[in-house]
Amino acid sequence: MNTKILVLLLLATIVSSCGKEDTTQNNTGKFKVGLVFDVGGRGDKSFNDAAFRGLEKAKQELGIEFEYIEPGPGADREAALRQFSNRSDISIIFGIGFIFTDEITKIAQEFPDKKYACVDYTVDPSKTIPPNLVALEFKEEEGSFLVGAIAGLMTKSSKVGFVGGMESPLIKKFQVSYEAGVKHVNPNCQILIGYAGVTGDAFKNPGKGKEIALGQYNDGVDIIYHASGVTGLGVFEAARETKKFAIGVDSDQNDEAPGYIITSMVKVVDVSVYEVIKEVKDGTFKGGRVETFGLKTNGVDYAYTDKNKKMIPDDVRTKVEAIRKDIIDGKITIPTK
Numbered sequence: 045m046n047t048k049i050l051v052l053l054l055l056a057t058i059v060s061s062c063g064k065e066d067t068t069q070n071n072t073g074k075f076k077v078g079l080v081f082d083v084g085g086r087g088d089k090s091f092n093d094a095a096f097r098g099l100e101k102a103k104q105e106l107g108i109e110f111e112y113i114e115p116g117p118g119a120d121r122e123a124a125l126r127q128f129s130n131r132s133d134i135s136i137i138f139g140i141g142f143i144f145t146d147e148i149t150k151i152a153q154e155f156p157d158k159k160y161a162c163v164d165y166t167v168d169p170s171k172t173i174p175p176n177l178v179a180l181e182f183k184e185e186e187g188s189f190l191v192g193a194i195a196g197l198m199t200k201s202s203k204v205g206f207v208g209g210m211e212s213p214l215i216k217k218f219q220v221s222y223e224a225g226v227k228h229v230n231p232n233c234q235i236l237i238g239y240a241g242v243t244g245d246a247f248k249n250p251g252k253g254k255e256i257a258l259g260q261y262n263d264g265v266d267i268i269y270h271a272s273g274v275t276g277l278g279v280f281e282a283a284r285e286t287k288k289f290a291i292g293v294d295s296d297q298n299d300e301a302p303g304y305i306i307t308s309m310v311k312v313v314d315v316s317v318y319e320v321i322k323e324v325k326d327g328t329f330k331g332g333r334v335e336t337f338g339l340k341t342n343g344v345d346y347a348y349t350d351k352n353k354k355m356i357p358d359d360v361r362t363k364v365e366a367i368r369k370d371i372i373d374g375k376i377t378i379p380t381k
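Just so we're aligned, residue 45 is where the sequence shown starts under the working numbering, counting upward by one.
Next up, the structure:
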């Protein structure tokens, strides 16, 4: 009997330590953040890793502590959010990705005394956001339009591609705005479209990403923009093999295939996470609202650094910067569906 109890206690200790950044946080009394990652989790070199950078910055600059969970598909997301919500030592809980919208709204309503934030929350004007939840949304269409313009200006074959992860309204927004950017500068350019699937798993299938990309490259495409999480790593592999080009997403992904990634459509996911944590810590947090990040506030952009600027000709840069100004000034209307 005693042996069985000992084994159970040991297993409980192991389980409770999973997904923690610091195993000594429970009794420190410090400000603590709970974060549940999107499909793909840490190491996606993109969306989730950007959120993690926000946590790390808050830890370094604000002295916070944090824990994270990398859930599987389906109900695991709600269970993960509920796990943090039931803990008195967690001050703010994040859901990373549009796929959390329904679950985090439900949980926020069940735990009105807790604070929540959701990155890429799908805003529905007909529904009220709970007063303890802040929705963080990005104007992906603005950044995608710009990288579309870059692709349209730089393609030699007048044929470019797009690879999406999960076929969904959010990823469709990346696609159609990218297409609009291409056509804005190159009306006769052909655009090939491919998706990895219709479930969350489509964001973590680099093999499928490579397969779709190779098909497009072999069909004459010379530049592919991906919005597919870990799946996009397969796109980069295909670009290297065919010696063609790709455009990254969410974070500057240049390091994944130097010399083959022209640029990336970047979103300040890290900044959004950091700022919400700071608001909670400072006592200025306001829920029931949407916080939007776009070109005007430097919330989205395209990567142009010492690592990749030699790949973007000066005349292309000049034209794209003029387009940026027109978008900010409201002279260009970008489709989102």
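By construction, the Cβ of each residue, glycine as well, lies at the ideal position given by its N, Cα and C atoms.
- 8 Å or more divides the Cβ of A102 from the Cβ of I113.
- Shortest Cα-Cα distance from V207 to any of G141, T166, P250 involves P250.
- Using a Cβ-Cβ distance cut-off of 8 Å, the stretch 84-96 and the stretch 273-287 are in contact, since at least three pairs of beta carbons, one from each stretch, lie closer than that value.
- According to DSSP, residue pairing for R333 in a beta bridge involves V178.
- E184 has its alpha-carbon roughly 19 Å from the corresponding atom of I305.
- Separation of I137 and A282 (C-alpha to C-alpha, rounded to the nearest whole angstrom) is 37 Å.
- Annotation for V167: no alpha helix (DSSP H) segment contains it, and DSSP assigns it neither H nor E.
- In this structure, the beta-carbon distance from D120 to K200 does not fall below 8 Å.
- For D345, the enclosing beta strand (DSSP E) starts and ends at 344-346.
- Annotated three-state conformation of Y304 is coil, per DSSP.
- Ranked by Cα distance from K353, the options T307, G107, V80, K363 are led by T307.
- Taking the C-beta atoms as reference points, Y222 is found nearer than 8 Å to Y269.
- Where E285 is concerned, the enclosing alpha helix (DSSP H) starts and stops at 276-286.
- In the structure shown, the three-state DSSP call for I268 is strand.
- Here DSSP, grouped into helix, strand and coil, assigns I356 to coil.
- For secondary structure counted as the beta strand (DSSP E) over 3 or more consecutive residues, the stretch 197-247 holds these complete runs in sequence order: 203-210, 234-241.
- Contact between V344 and G187 is confirmed by a C-beta separation of about 4 Å, below the 8 Å threshold.
- Secondary structure note for F138: its beta strand (DSSP E) is the uninterrupted segment 136-140.
- Distance from the CA atom of G292 to the CA atom of L258, rounded to whole angstroms, is 16 Å.
- Distance from the CA atom of A94 to the CA atom of L339, rounded to whole angstroms, is 18 Å.
- For the 8 Å CB-CB criterion, I148 and Y160 form a contact.
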